[in-house]
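A.B. asks: Below: one structure in structure tokens.
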Amino acid sequence: MEKIEVKICGIKNMEEAKSIINLDIDYLGIIFANSIRKVSLKTATEISTFVKNSGKKCVGVFANLKEDEILNNSLKAKLYAAQIYGDYSLNLYENLNKNNIKVWKVFNVLDVLPNLENSKFDLALFDYKGKKLGGNGVSFCWEILKNLEPFSFIMAGGIGIHNVLEAAKYNPKILDINSLVEDKNGVKDPKLIMEILKILKKRI
């Protein structure tokens with residue numbers, strides 16, 4: 001059975017990044033969109049450099065930003081991928097790809113699969129369609145994923161210890177985890193992440 005990769009999103013500072021970098025995770029996510037977990041370009045660059053030097057990959061999350069800002073921040077922070085909420089042009093996709101930056105397009109869903117044919121992306125990310133752009137801590141109706149043809153995708157939205165094994169049954173390439181591995185102060189908790197990784201290993 002193929003290993004499911006894990007992304008821990010919403011890393012806010014170097015201290016948080018250092019606390020989880022040695023865990024068996026594949027990606028760390030930093031948020032440029034309006035969020036309680038938003039970071040400055042300076043902090044994002046520091047985290048991304050550290051993550052890259054540690055042999056992991058750093059993903060930037062963007063929403064409601066101009067395309068030149070998305071491109072500029074992605075380049076300066078030397079991101080592995082840009083995770084984009086909302087529409088974007090073919091030009092942005094090509095410019096990011098030209099600089100070896102992947103494009104992960106976010107599809108906010110409830111109980112119906114979106115039309116994937118009119119978008120250009122390297123990976124599709126399915127997230128719960130809530131009031132906030134990510135970090136809602138709520139899952140969409142995962143059953144709709146059964147209707148997908150064999151297809152690499154990312155699952156996000158309300159994934160935690162209580163349901164990660166169920167999420168894994170849908171064979172995502174990547175599980176994107178955020179708020180449900182935080183402590184009561186909103187800080188990423190290595191113990192919760194380790195528990196999730198342990199659960200995922202049991203399925204292999």
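Quick note, in UniProt numbering, the sequence shown goes up one by one and the last residue is 204. Glycine included, each C-beta is placed from N, C-alpha and C at the ideal position.
Note the first and the last residue of the continuous beta strand (DSSP E) segment covering A81.
C.D. replies: On the sequence shown, residue 81 is found 81 positions in, with the first residue counted as 1. Counting along the chain, the beta strand (DSSP E) containing A81 begins and ends at A81 to Y85.
A.B. asks: How do the stretch 111 to 127 and the stretch 64 to 76 stand: do at least 3 beta-carbon pairs fall below 8 Å, yes or no?
C.D. replies: Not touching, per the Cβ criterion.
A.B. asks: Helix, strand or coil, according to DSSP, for V109 in the structure here?
C.D. replies: In the sequence shown, the residue the question calls residue 109 occupies position 109. Note: V109 maps to strand in three-state DSSP.
A.B. asks: Could you compute how far the alpha carbon of I21 sits from the alpha carbon of L28?
C.D. replies: One-based indexing of the sequence shown puts residue 21 at position 21. One-based indexing of the sequence shown puts residue 28 at position 28. So the alpha carbons of these two residues sit roughly 8 Å apart.
A.B. asks: Please give me, in chain order, every unbroken run of the beta strand (DSSP E) with length at least 3 that falls completely inside the stretch 151 to 193.
C.D. replies: Runs found: 153 to 156 and 174 to 177.
A.B. asks: Within a Cβ cutoff of 7 Å, which residues of the same chain sit near L79, ignoring the five residues on either side of it in sequence?
C.D. replies: Counting from 1 along the sequence shown, the entry for residue 79 is found at position 79. So the qualifying residues of the chain are S48, C58, V59, G60 and I101.
A.B. asks: Taking only three categories from DSSP, how would you classify K146?
C.D. replies: One-based indexing of the sequence shown puts residue 146 at position 146. K146: helix per DSSP, three-state reduction.
A.B. asks: With DSSP run on the structure shown, which of helix, strand or coil describes I25?
C.D. replies: Taking the sequence shown and counting its residues from 1, one reaches residue 25 at position 25. DSSP places I25 in coil when its eight states are reduced to three.
A.B. asks: Quick test of your reading: N95 and L125, contact by CB under 8 Å. State the CB separation rounded to the nearest angstrom.
C.D. replies: Along the sequence shown, one-based indexing puts residue 95 at 95. Along the sequence shown, one-based indexing puts residue 125 at 125. Contact doesn't hold; Cβ gap of about 20 Å is too wide.
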